[in-house]
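Working notes for the structure below.
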Amino acid sequence: MKRLIMMFAAVAMICGQTKAQEVNDNVSGTYSGNFYTVVKATEEVQSDAYSGTIQIIANEDGSSCSMELSGFATKESTFNSVKLDNVKLETAADGNKTITFDPLSVQLTTQDGKTYDGKIIPAGNENSIKGNSLSLVMMFPLSESEKLFIYFNGTKPTTEQPVQSEEPQETMPE
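FYI, in mature numbering (1 follows the signal peptide of the UniProt record, and there is no 0) the residues of the sequence shown are -20 to -1, 1 to 154.
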């Protein structure tokens, strides 16, 4: 009986490790897509789209990650890559990952050395990972009258995994 319990515990541990690895692999990767930058001033709105990437590296248990953003700009400035650490990942009821930032503040630096303090904007279905898709919204005050909104929508390539067929289980005669 002890041997059976020990075997069950070993199987449970292996399954637990596999689940954590699945979570990590499910989130980590490079998401390629478009950054939409919108500068809202008092009278006008400028909008542009840029190709870019967000790279996510999740920790082992899938509860947090780091993000590196690159490839976005405004008409006036090109931004260097930006790294965000301690991003929290939570699993929603539908199985998708919700991204929360603690703190919500983030700083961007342009290639010409200007820095902007901004924050992550929680907005509806944004700031989430659904399957292989990532959505993110950020806002940066550029001046008293101008705000820069950065929207990112991207996907990461799926890795083809062989489909395992289930073997029919034999039933024991009663």
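Even glycine gets a Cβ: it sits at the ideal position worked out from N, Cα and C.
Proximity of residue i and residue j at Cβ, strictly below 8 Å
i, j, result
"Leu64", "Ser44", "no"
"Gly75", "Gly51", "no"
"Glu48", "Ile34", "yes"
"Lys77", "Val7", "yes"
"Gly42", "Lys136", "no"
"Ile79", "Ser125", "no"
"Tyr11", "Leu114", "yes"
Nonlocal neighbours in the same chain, by C-beta distance under 8 Å from residue i, ignoring five residues either side
i, result
"Ser123", "none"
"Asp5", "In this predicted model, Asp5 has a pLDDT of only 47, less than 50, meaning its place in the structure is not dependable enough to derive any value."
"Asn14", "Ala29, Tyr30, Ser31, Gly32, Phe132, Asn133 and Gly134"
"Thr22", "Ser125"
Same chain, Cβ closer than 6 Å to residue i, five either side skipped, listed in chain order
i, result
"Val16", "Before going on, a small fix: residue 16 reads as Tyr here, not Val. Result list for Tyr16: Ala29 and Tyr131, in chain order."
"Gly98", "Val86, Met118, Met119 and Phe120"
"Lys20", "Lys127"
"Gln26", "Val19"
"Phe129", "Val18 and Met119"
Close-in-space but distant-in-sequence residues of the same chain around residue i (CB under 7 Å, 5 per side omitted)
i, result
"Thr138", "Asn112"
"Ile37", "Ser8, Cys45 and Ser46"
"Thr71", "Lys77"
DSSP-derived helix/strand/coil call for residue i
i, result
"Thr71", "strand"
"Val(-10)", "With a pLDDT of 34 at Val(-10), under the threshold of 50, the predicted position of this residue should be treated as unreliable, though the coordinate-derived value follows. Correct three-state label for Val(-10): helix."
Runs of alpha helix (DSSP H) lying entirely within the segment 77 to 136, each at least 4 residues, in chain order: none
Length at least 3, wholly inside the segment 4 to 56: the beta strand (DSSP E) runs in chain order: 9 to 20, 25 to 38 and 44 to 50
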